[in-house]
Amino acid sequence: MGILEVKNVSKNFGGLKALSDVNLNVRENTVHAIIGPNGAGKSTLLNCLVGKLIPDTGSVMFDGQSVLGRKPFEINQMGISRVFQTPEIFGDLTVMENMLIPIFARRDGAFRMHAIESIRNEAGVIEQAEKMLIDMNMIDKRHMHAASMSRGDKRRLEIGMCLSQEPRLLLLDEPTAGMARADTNNTIDLLKQIKAERDITIAIIEHDMHVVFSLADRITVLAQGTPLVEDEPQNIRGNPKVREAYLGETA
Amino acid sequence: MLGLDKKDTTLLIIVALLTLGAPFILNPFPADSAMAQFNAGYPDLMQRFVIFGIFAIGFNILFGLTGYLSFGHAAFLGVGSYSAVWIFKLFTYNVLPAVALSVVVAGLFSLLMGFVSLRRSGIYFSILTLAFAQMSFALAYSVLSNPRFNLTNGETGLQVYADDPQLFHSDRLPDLPHLFGLSMRATYRLDLGGWSFDFNAGYYLCAVVLMAVFYLAIRIFRSPFGMMLRAVKSNQQRMNYTGLNTRPYTLAAFVISGMYAGLAGGLMAAMDPLAGAERMQWTASGEVVLMTILGGTGTLIGPVLGAGFIKYFENIFSKINDNVLHGWFGFLPDGLEDAMVFLVHPFIGKGWHLTLGILFMLVVIFLPGGLVEGGQRLGRWIRRRRGGKDGEAQRKTEPAE
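First to last, the sequence lines map onto chains A and B. Residue numbers for the first sequence follow UniProt numbering, so the first one is 1 and each next one is one higher. Residue numbers for the second sequence follow UniProt numbering, so the first one is 1 and each next one is one higher.
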């Protein structure tokens with residue numbers, strides 16, 4: 001039994017078959033990487049998981065419940081958090097406020113008219129946010145405007161925001177895209193640390209093989225909208241089909 | 001104090017001093033001096049300052065926090081006024097039930113309008129609200145005013161007639177809007193030397209209401225709800241993927257600001273018991289946008305300053321005429337005097353819009369944060385001139401707004 005089960009999912013955009021008959025099984029407390037060449041349908045698949053797109057056919061079950069037809073905020077409340085390719089944070093707000101929002105969202109649900117009490121009096125929430133900022137090693141930046149930080153810091157903040165919700169499944173969409181080597185390595189270390197310290201399942205879409213092979217417990221290779229193979233990393237490296245479809249092109 | 005931190009308490013005290021002391025502050029010139037025409041301390045105008053201040057504070061909760069630019073808020077102002085006048089006509093001249101009904105009706109009306117308009121964002125939202133407001137205007141101006149069903153009294157405007165029922169009215173009470181017998185027009189005039197100051201009951205009622213709703217606005221700004229509204233403005237995508245439903249947040253902000261507008265409309269009717277459709281026209285909606293931007297969008301005190309600024313220009317600059325100008329430039333030789341009057345003429349009297357337009361452009365270009373930013377820059381400049389190091393340190397510890 002996987003925590004996330006994708007069965008026979010297909011998605012067409014006009015005449016383009018973005019996904020055809022995709023099956024995916026993400027096991028609990030593993031890091032599952034989804035790789036594939038450009039246009040393989042990785043992002044489409046991810047968008048089907050979080051409610052941005054609805055597949056034409058098939059089912060997506062999270063922890064025994066279907067996510068299909070639910071809005072992104074509802075799916076998030078079920079326990080799926082998503083990190084975007086370009087960090088999506090609240091740029092006009094301070095780092096601290098960025099961290100407070102997901103904690104409020106987790107505590108109060110999708111909407112709460114909480115308009116009179118000052119944030120200053122929410123000691124419990126503030127404490128949690130500070131703790132997460134310390135974990136993310138950015139407590140000294142708490143008063144900064146989030147938009148004025150470096151890309152690596154924004155990524156770190158976004159991951160922290162997602163973690164503060166204590167999701168059961170964390171989805172990462174090319175978390176190191178466009179990053180310098182040092183930032184990439186920092187992100188890998190951060191994710192390794194998260195994997196070691198928390199009860200969390202991670203699904204990651206990634207181009208960078210270095211990242212994939214340093215993190216993943218299992219790998220699914222997508223090509224032209226269909227899963228080619230799903231296996232453990234050491235078997236993926238040697239798989240001739242994968243070499244041909246993906247690694248071969250870059251080698 | 002009152003659950004506010006030091007900075008917000010200071011702000012509240014400043015607003016309290018400004019509003020309570022307005023009869024003095026706005027009348028700095030002796031009554032018979034040449035500068036007396038710049039005095040703005042007469043009841044009518046002071047009431048308008050405060051009422052439009054309330055309107056703008058509410059508008060800023062929507063526009064300043066969520067970034068949703070409504071071009072239809074005058075509709076709520078008008079709805080509030082009509083509701084209040086109906087209470088005057090049917091029941092009593094007491095302003096309390098009238099204003100209460102204004103707020104409720106405007107709240108319900110904004111719930112409907114917001115529910116439809118908030119399905120879209122950006123320019124489409126603005127256009128939807130504009131369309132709604134113009135429809136309301138058309139309804140008030142003609143549709144809802146026919147012999148069989150006359151809700152708004154059309155062009156003439158809704159007012160109280162001698163044969164209206166006024167069920168709870170008695171002869172002991174003033175024949176004007178009042179608060180438990182205290183007429184809204186009751187004015188005490190204090191003459192001090194050459195100066196004269198008017199203390200008007202209606203104005204002070206509005207001032208107390210302004211302080212109350214300003215306090216409420218501070219609480220909203222500092223609450224988790226206020227932070228969520230700013231998050232809506234900053235990144236809706238992230239909100240959705242953080243498990244937050246943006247729609248009820250924006251709708252709540254819309255209804256709150258609609259209720260503020262209804263309150264302003266109700267008070268307007270309480271000061272002068274009539275309501276006309278022109279109050280709902282799109283120019284009136286545009287005015288509150290200008291007030292908010294001019295004062296400082298998203299700041300607490302900005303909208304109040306903006307409202308005061310625009311109303312001052314509207315009422316004071318529009319009253320300057322060529323005779324006054326001749327008086328000012330009288331010391332110049334004849335030809336030069338006429339030339340100066342000719343040059344300044346387009347900017348005064350009916351041309352006050354021109355002056356306001358130029359000032360608005362200057363503020364938007366050089367002070368995008370509005371008058372509040374101007375004040376902050378001035379404050380920083382003064383601090384820097386007084387012992388540079390102190391100012392520098394203070395600037396660093398100032399939390400980002």
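Where a beta carbon is used, it is the ideal one built from N, C-alpha and C, also for glycine. As the structure is a prediction and not an experimental result, all values here were calculated from the model.
Inter-residue CB distance, residue i and residue j (contact presumed, cutoff 8 Å)
i: M138 (chain A); j: V95 (chain A); result: 6 Å
i: I101 (chain A); j: A231 (chain B); result: 6 Å
i: F104 (chain A); j: N245 (chain B); result: Their Cβ separation, rounded to whole angstroms, is 13 Å, which puts F104 (chain A) and N245 (chain B) out of contact at 8 Å.
i: Q85 (chain A); j: E174 (chain A); result: 5 Å
i: G53 (chain B); j: T292 (chain B); result: Going by Cβ atoms, the distance from G53 (chain B) to T292 (chain B) rounds to 11 Å, so no, they are not a contact pair.
i: F221 (chain B); j: M113 (chain A); result: So it is not a contact: roughly 15 Å between Cβ atoms.
i: residue 445 (chain B); j: S126 (chain B); result: Coverage of chain B is limited to positions 1 through 401, which leaves residue 445 (chain B) absent and any answer about it impossible.
i: P177 (chain B); j: A270 (chain B); result: 5 Å
i: R168 (chain A); j: T201 (chain A); result: 6 Å
i: L305 (chain B); j: G298 (chain B); result: Incorrect: roughly 13 Å between the Cβ atoms, too far for contact.
i: V103 (chain B); j: G262 (chain B); result: 5 Å
i: P23 (chain B); j: D191 (chain B); result: About 13 Å separates the two Cβ atoms, so there is no contact after all.
i: S223 (chain B); j: A115 (chain A); result: 5 Å
Chain-order list of residues whose beta-carbon lies under 6 Å from that of residue i (same chain, five-residue window excluded)
i: G160 (chain A); result: M132, M136
i: A186 (chain B); result: A201
i: T226 (chain A); result: S20
i: A307 (chain B); result: F52, G53, A56, M291
i: Q394 (chain B); result: Because Q394 (chain B) sits at a pLDDT of 47, beneath the cut-off of 50, its placement in the model cannot be relied upon, and the following sentence gives the value as read from the coordinates. Cβ neighbours of Q394 (chain B) beyond the five flanking positions: none.
i: S145 (chain B); result: T152, N153, G154
i: A40 (chain A); result: L222, A223
i: E401 (chain B); result: Unreliable placement is indicated for E401 (chain B), whose pLDDT of 41 sits below 50; the coordinate value is still reported in the next sentence. So no residue of the chain qualifies.
i: L18 (chain B); result: none
Sequence-distant residues of the same chain with beta carbon closer than 7 Å to residue i, five excluded per side
i: I87 (chain B); result: P97, A98, L101
i: W352 (chain B); result: F313, E314, F317, S318
i: V60 (chain A); result: V6, V9, C48, L49, S66, V67, L68
Through-space distance from residue j to residue i, alpha-carbon basis
i: T129 (chain B); j: A253 (chain B); result: 14 Å
i: L11 (chain B); j: A177 (chain A); result: 46 Å
i: G349 (chain B); j: Q376 (chain B); result: 32 Å
i: L229 (chain B); j: R238 (chain B); result: 13 Å
i: G181 (chain B); j: P273 (chain B); result: 16 Å
i: L300 (chain B); j: K7 (chain B); result: 12 Å
i: L191 (chain A); j: N12 (chain A); result: 33 Å
i: T92 (chain B); j: V255 (chain B); result: 27 Å
i: A275 (chain B); j: Y82 (chain B); result: 6 Å
i: V213 (chain B); j: L167 (chain B); result: 31 Å
i: T66 (chain B); j: G69 (chain A); result: 27 Å
i: G258 (chain B); j: L251 (chain B); result: 10 Å
i: Q234 (chain A); j: F213 (chain A); result: 9 Å
i: F59 (chain B); j: R107 (chain A); result: 29 Å
i: T250 (chain A); j: V31 (chain A); result: Legend: pLDDT at T250 (chain A) = 49, less than 50; position of this residue unreliable, no value from coordinates given.
i: G327 (chain B); j: M361 (chain B); result: 29 Å
i: residue 403 (chain B); j: A133 (chain B); result: Limits of chain B in this structure are 1 at one end and 401 at the other, which puts residue 403 (chain B) out of reach.
i: V242 (chain A); j: I236 (chain A); result: 7 Å
i: G335 (chain B); j: V324 (chain B); result: 17 Å
i: R383 (chain B); j: L367 (chain B); result: 19 Å
i: M135 (chain B); j: V289 (chain B); result: 19 Å
i: K396 (chain B); j: R380 (chain B); result: Residue placement at K396 (chain B) is poorly supported in this model, since its pLDDT is 44, which falls under 50; the coordinates are not used for a value here.
i: A16 (chain B); j: Y203 (chain B); result: 13 Å
Close Cβ partners of residue i (< 8 Å) along its chain, the five nearest in sequence each way excluded
i: G194 (chain B); result: P30, A31, D32, S33
i: A129 (chain A); result: M96, M99, L100, I103, S164
i: A110 (chain A); result: F73, E74, Q77
Among the options, the one whose alpha carbon lies nearest that of residue i
i: residue 409 (chain B); options: B:G78, B:M259, B:F347, B:L17; result: In the structure displayed, chain B extends from 1 to 401; residue 409 (chain B) sits before or after that span and is not available.
i: D175 (chain B); options: B:S117, B:K89, B:G374; result: B:K89
i: E197 (chain A); options: A:E166, A:M209, A:H143, A:L68; result: A:E166
i: L53 (chain A); options: A:V26, A:S81, A:A18; result: A:A18
i: R27 (chain A); options: A:G15, A:K241, A:I219; result: A:I219
i: I204 (chain A); options: A:V50, A:Q193, A:A216; result: A:A216
i: M46 (chain B); options: B:L267, B:T355, B:N235; result: B:L267
i: L2 (chain B); options: A:N76, A:G14, A:S118; result: A:S118
i: G72 (chain B); options: B:Q37, B:Q281, B:L356, B:G302; result: B:Q281
i: T187 (chain A); options: A:P55, A:V211, A:G238; result: A:V211
i: R48 (chain B); options: B:G330, B:R247, B:C206; result: B:C206
i: I80 (chain A); options: A:C162, A:N239, A:G2; result: A:C162
i: G141 (chain B); options: B:P43, B:F38, B:L158; result: Here residue 141 (chain B) turns out to be Tyr, not Gly, going by the sequence shown. Ranking B:P43, B:F38, B:L158 by Cα distance to Y141 (chain B) puts B:L158 first.
Within the stretch 23–52 of chain A, ranges of the alpha helix (DSSP H) (whole runs, at least 4 residues): 42–50
Please give the ranges of any alpha helix (DSSP H) in the stretch 153–233 of chain A, keeping only runs that are unbroken, at least 4 residues long and fully inside the region. 181–197, 209–215
List, from N- to C-terminal side, the alpha helix (DSSP H) runs of 4 residues or more that fit wholly inside the stretch 8–73 of chain B. 22–25, 43–60
In chain order, each alpha helix (DSSP H) run of at least 4 residues that lies wholly inside the stretch 112–159 of chain A: 123–135
Enumerated in chain order, which unbroken segments of the alpha helix (DSSP H) with a length of 4 residues or greater are wholly contained in the stretch 355–389 of chain B? 370–385
Residue ranges of each alpha helix (DSSP H) within the stretch 169–254 of chain B, 4 or longer: 201–222, 224–234, 236–240
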